[in-house]
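Colleague: So that we are looking at the same thing, I have put the structure below in structure tokens.
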DNA sequence: CATTGATATGAATCCTACG
DNA sequence: ACGTAGGATTCATATCAAT
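Put into structure tokens, the structure is as follows:
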């Protein structure tokens, strides 16, 4: 099943030119996810030497220069407004920054109506040290994940991320190394192509957590196309916007050499909701027997199932979700709380819903 | 040696009443460090809560004063302005918040002229989970450490923090558990006094890293006085501002039951600079002999020391810091780079400075 | 081939006291 | 305020040469 496509939305392409102009050409409500890695406005001056006397090559690019906060704020306000316009109602945006700019971005985004879902910390185990010993080593960057507005929906593939995190709920602090080694794109001179290339693992978590297959992921500061490469691997569509020809060529080459990866996880099978089949349906299908006993997970007799699908403890006739409250003081998901006996063993009543679903489909 | 005290500054007391009013009564340029744990703005229900979960009482009966970002921003702008006014020229401020409010705070602080030195992540290994599985577990809070302005000085006890961090430069991500167990204040009913009391370890790192002994640490949202208790332990002075009588009583009791801890680390011996004794002084003291050879650490002959304290390689007469550039291409700390021979063994010229210092003091 | 050591480098608001 | 001289300062990882 593919998403509906809007012919005005040019997917899997890099749009060359000014970020704000290109955004203005995109239609309202057409993008599922935006990842934006804008200039940070680092405000460094002079040169920084390592303790061994070599020069640290930070960001000296023209694209990171702004006159003052006012000019930077205006620039960001403009591209963020366009981003919000083109997002689908249930779309979301991720923005990355560091302490130099992230407080500008967060403030502006809240004022524009974006709703922060999480701020995520990219903790870098291999960040450069503070050579001069003047502050704490700056070993993280910050990501803002926002829905379009306070009450708008959004995609979050909770179970998929839990699985990826070793079975534990994924948290707002991500430990990911900076992009070095083979992954770091280098030119013929052996120097890094882009001064701030992001690691694919970062984009992997972003895209996997908050898109569905075939969604459209837009990156208004595409650079060397990490967003495009990861989107392609995961079976999502991308749109890149980039001004500099040098980066565009590298990105095209990179994405052409990237293939979609076969991995069932990316199709979000873990996110599938249980089949909508009621206890009454299970009785009609002869999965549950009217008046048979419902047990809890410890094998204690709790109540019996009635032929109308409700359960009774001899006093009250309640839904399977309300009955647990009489025993443990709060409502529960009855599908996971109740068991019946089959061949002398406890069997979750939830299993029967999947059996019926399977039988229907085969 | 104690710091100069300003009689208008009431140290080691809790000032009862409205935060901004109390701040207004403090003199300009009188405080070394501020730690602020301000109310944060919960837009979900329109109620303003402290990070410790207690309701924040603004100006009497004006709850809706904080009904939107604008009013919250004004409140923060007001107390932050006062904080900046009362800070000494080389003073600094730490502010803690979460994603709901930290972007307001950071933006306002930058606009007021505060200069961010680091944003520090308090990563909580035992944070409560996201019960509904709707987002990433929010497992961190953010601290902003700022100097009064871009070029103002500040205190950073680099070597002390490096020592505390197992010999490695301390970083901007701090892994500290939330406050539980014995440390957690509980009322007579056995219930916690605060829902999210700050751990002492957090304040310990803040105060130890950025104050000197006897400095004055002000907390305008004092609560139950974690800042005061840790300041006392470390041999620093505190000033608390708190509006609620209940918390003032708890804080007083707590601080009275706290004692200054004896630990040489807190006196910042590690931060001491080498004695200011020149090579010329060492010649006068007969530690160095005019025209003797200076070696590098490999025992190679580099130059000779002249009677005026400069060194000469037969061509140039330079300082001990400039001479290494002729041999390895960059300036070095000559005190650590040069050696002389005594009893046939290499001896660092730096050792002589400590010898002279010791002889002077005894 | 495995191991060791030297070298290179990464979004950086990176010195400070004194005259 | 500004210039100058003194002198303090680095972590993880990849690569490559040497053993």
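Chains as they are written, first to last, in the numbering used here: chain X, 1 to 362; chain E, 1001 to 1362.
Quick reminder that beta carbons are idealized off the backbone N, C-alpha and C, glycines included.
Only a predicted model underlies this, so the values are computations on that prediction, with no experimental measurement involved.
1. Hey, could you find the ends of the beta strand (DSSP E) residue 1173 (chain E) is sitting in?
2. Starting from residue 221 (chain X), trace the alpha helix (DSSP H) in both directions and tell me its first and last residue.
3. For a contact meaning CB atoms closer than 8 Å, what does residue 1130 (chain E) contact in chain X?
4. Let me know the alpha helix (DSSP H) ranges lying completely inside the stretch 1058-1115 of chain E, each 4 residues or longer, listed in chain order.
5. Bridge partners of residue 146 (chain X), per DSSP?
6. What's the gap between the Cα of residue 1131 (chain E) and the Cα of residue 1041 (chain E)?
7. Could you tell me which of E:1320, E:1173, E:1282 and E:1194 sits nearest to residue 1244 (chain E), measuring between CA atoms?
8. Count the CB pairs spanning the stretch 107-115 of chain X and the stretch 159-166 of chain X that are closer than 8 Å, and state whether there are at least three.
9. State buried or exposed for residue 174 (chain X), treating a residue as buried only when at least 16 other CB atoms are found within 10 Å of its CB.
10. How would you write the range of the beta strand (DSSP E) that residue 303 (chain X) sits in, first residue to last?
11. In this structure, how does DSSP classify residue 1006 (chain E) when only helix, strand and coil are distinguished?
12. What residues from chain E crowd round residue 110 (chain X), counting only those whose CB sits closer than 7 Å?
13. Counting only runs that start and end within the stretch 248-321 of chain X, where is the alpha helix (DSSP H) found for 4 or more residues in a row?
14. List the endpoints of the continuous alpha helix (DSSP H) containing residue 48 (chain X).
15. How big is the Cα-Cα spacing for residue 1234 (chain E) and residue 1025 (chain E)?
16. Near residue 1008 (chain E), which residues of its chain fall below 8 Å by C-beta distance, leaving aside the five closest residues on each side in sequence?
17. Any idea what DSSP makes of residue 1127 (chain E), helix, strand or coil?
18. Enumerate in chain order the residues of its own chain whose CB-to-CB distance from residue 1293 (chain E) is below 6 Å, with the five nearest sequence positions on each side excluded.
19. Taking the alpha-carbon positions, what's the residue 1320 (chain E) to residue 1275 (chain E) distance?
20. Measure the alpha-carbon distance for residue 254 (chain X) versus residue 177 (chain X) and round it to whole angstroms.
21. Contact criterion: CB-CB distance below 7 Å. Does residue 1106 (chain E) meet it with respect to chain X?
22. Based on the DSSP secondary-structure assignment, which residues constitute the bridge partners of residue 140 (chain X)?
23. If residue 1339 (chain E) sits next to residue 1297 (chain E), beta carbons under 8 Å apart, how far is it from one beta carbon to the other, in whole angstroms?
24. List the endpoints of the continuous beta strand (DSSP E) containing residue 1035 (chain E).
25. Helix, strand or coil for residue 1342 (chain E)? Go by DSSP, reduced to three states.
26. To be precise: take each residue of the stretch 1142-1173 of chain E, compare its Cβ to all Cβ atoms of chain X, and keep it if any distance is under 7 Å. Which residues remain?
27. Apart from the five residues just before and just after residue 1280 (chain E), which ones in its own chain have a Cβ nearer than 7 Å to its Cβ?
28. Put residue 1324 (chain E) into one of helix, strand or coil per three-state DSSP.
29. Can you tell me which of the three DSSP states residue 240 (chain X) falls into?
30. Please classify residue 1010 (chain E) as buried or exposed, where buried requires at least 16 other C-beta atoms within 10 Å of its C-beta.
31. Hey, how far is the Cα of residue 140 (chain X) from the Cα of residue 187 (chain X)?
32. Can you check which of these residues, E:1111, E:1093 and E:1138, is closest to residue 1077 (chain E) by C-alpha distance?
33. In the DSSP output, which residue or residues are listed as bridge partners for residue 1013 (chain E)?
34. Just reading off the alpha helix (DSSP H) that residue 18 (chain X) is part of, what are its end residues?
35. Does the distance from the C-beta atom of residue 215 (chain X) to that of residue 227 (chain X) stay below 7 Å?
36. What are the partner residues of residue 352 (chain X), as DSSP defines its beta bridges?
Modeller: Once the coordinates are examined:
1. Start at 1 with the first residue of the second chain, and residue 1173 (chain E) comes out as number 173. Element bounds for residue 1173 (chain E): 1173-1175.
2. Residue mapping note: residue 221 (chain X) aligns to position 221 of the first chain, counting from 1. Neither: residue 221 (chain X) is in no alpha helix (DSSP H) and is coded neither H nor E.
3. To locate residue 1130 (chain E), count along the second chain from 1; it is residue 130. The contacting residues are 169.
4. Qualifying alpha helix (DSSP H) stretches, in chain order: 1069-1086 and 1102-1112.
5. Your numbering for residue 146 (chain X) matches position 146 in the first chain. Residue 146 (chain X) pairs with X:93 and X:116.
6. Counting from 1 along the second chain, the entry for residue 1131 (chain E) is found at position 131. Counting from 1 along the second chain, the entry for residue 1041 (chain E) is found at position 41. So the alpha carbons of these two residues sit roughly 21 Å apart.
7. On the second chain, residue 1244 (chain E) is found 244 positions in, with the first residue counted as 1. The residue with the shortest Cα to Cα distance from residue 1244 (chain E) is E:1194.
8. no
9. Within the first chain, the letter at position 174 stands for residue 174 (chain X). Per the 10 Å Cβ criterion, buried.
10. Residue mapping note: residue 303 (chain X) aligns to position 303 of the first chain, counting from 1. Boundaries of the beta strand (DSSP E) harbouring residue 303 (chain X): 301-305, taken from the DSSP string.
11. Reading the second chain from its first residue, position 6 is the one you call residue 1006 (chain E). Residue 1006 (chain E): coil per DSSP, three-state reduction.
12. Here residue 110 (chain X) corresponds to residue number 110 of the first chain, with the count starting at 1. Those within 7 Å of residue 110 (chain X) in chain E are 1069 and 1103.
13. 279-284
14. What you label residue 48 (chain X) is simply residue 48 of the first chain in a count that begins at 1. That residue, residue 48 (chain X), is in no alpha helix (DSSP H); it is neither H nor E in DSSP.
15. As a first step, residue 1234 (chain E) must be located in the second chain, where it is residue number 234. As a first step, residue 1025 (chain E) must be located in the second chain, where it is residue number 25. For residue 1234 (chain E) and residue 1025 (chain E), the distance between alpha carbons rounds to 27 Å.
16. Sequence index remark: in the second chain, residue 1008 (chain E) carries index 8 (1-based). Closer than 8 Å at the Cβ level, and outside the excluded window around residue 1008 (chain E), lie 1026, 1027 and 1030.
17. Sequence index remark: in the second chain, residue 1127 (chain E) carries index 127 (1-based). If DSSP states are grouped into helix, strand and coil, residue 1127 (chain E) belongs with coil.
18. As a first step, residue 1293 (chain E) is located in the second chain; it is residue number 293 there, counting from the start. Here the set comprises 1301 and 1304.
19. Residue 1320 (chain E) sits at position 320 when you count from the first residue of the second chain. Residue 1275 (chain E) sits at position 275 when you count from the first residue of the second chain. One C-alpha to the other measures close to 16 Å.
20. Within the first chain, the letter at position 254 stands for residue 254 (chain X). Within the first chain, the letter at position 177 stands for residue 177 (chain X). Computed Cα separation, rounded: 21 Å.
21. Start at 1 with the first residue of the second chain, and residue 1106 (chain E) comes out as number 106. Chain X, which has a Cβ nearer than 7 Å to the Cβ of residue 1106 (chain E), makes this yes.
22. Position 140 of the first chain, counted from the start, is the residue given in the question as residue 140 (chain X). X:123.
23. Residue 1339 (chain E) sits at position 339 when you count from the first residue of the second chain. Residue 1297 (chain E) sits at position 297 when you count from the first residue of the second chain. Right, their Cβ atoms sit about 6 Å apart.
24. The sequence position of residue 1035 (chain E) within the second chain is 35, counting from 1. Residues 1031-1036.
25. On the second chain, residue 1342 (chain E) is found 342 positions in, with the first residue counted as 1. Correct three-state label for residue 1342 (chain E): strand.
26. Listed in sequence order: 1156, 1158, 1169, 1170, 1171, 1172 and 1173.
27. For the purposes of this step, residue 1280 (chain E) is taken as residue 280 along the second chain, with counting starting at 1. Counting only Cβ-Cβ distances below 7 Å, and skipping sequence neighbours, we find 1308 and 1309.
28. The residue given as residue 1324 (chain E) occupies position 324 in the second chain. In the structure shown, residue 1324 (chain E) adopts helical secondary structure according to DSSP, grouped into three states.
29. In the first chain, residue 240 (chain X) corresponds to position 240, counting from 1. Here residue 240 (chain X) sits in strand by DSSP.
30. The count along the second chain starts at 1 and reaches residue 1010 (chain E) at position 10. With fewer than 16 Cβ atoms within 10 Å of its Cβ, residue 1010 (chain E) is classed as exposed.
31. Here residue 140 (chain X) is taken as the residue at index 140 of the first chain, counted from 1. Here residue 187 (chain X) is taken as the residue at index 187 of the first chain, counted from 1. Cα to Cα, residue 140 (chain X) sits roughly 27 Å from residue 187 (chain X).
32. Position 77 of the second chain, counting from 1, holds the residue named residue 1077 (chain E). Looking only at E:1111, E:1093 and E:1138, the smallest Cα-Cα distance to residue 1077 (chain E) is reached by E:1111.
33. Mapped onto the second chain, residue 1013 (chain E) falls at position 13. E:1239, per the DSSP bridge assignment.
34. For the purposes of this step, residue 18 (chain X) is identified with residue 18 of the first chain, where counting begins at 1. Segment: none, residue 18 (chain X) is in no alpha helix (DSSP H) and carries neither H nor E.
35. In the first chain, residue 215 (chain X) corresponds to position 215, counting from 1. In the first chain, residue 227 (chain X) corresponds to position 227, counting from 1. Not closer than 7 Å, so no.
36. Here residue 352 (chain X) refers to the residue found at position 352 of the first chain. Partner(s): none; residue 352 (chain X) has no beta bridge.
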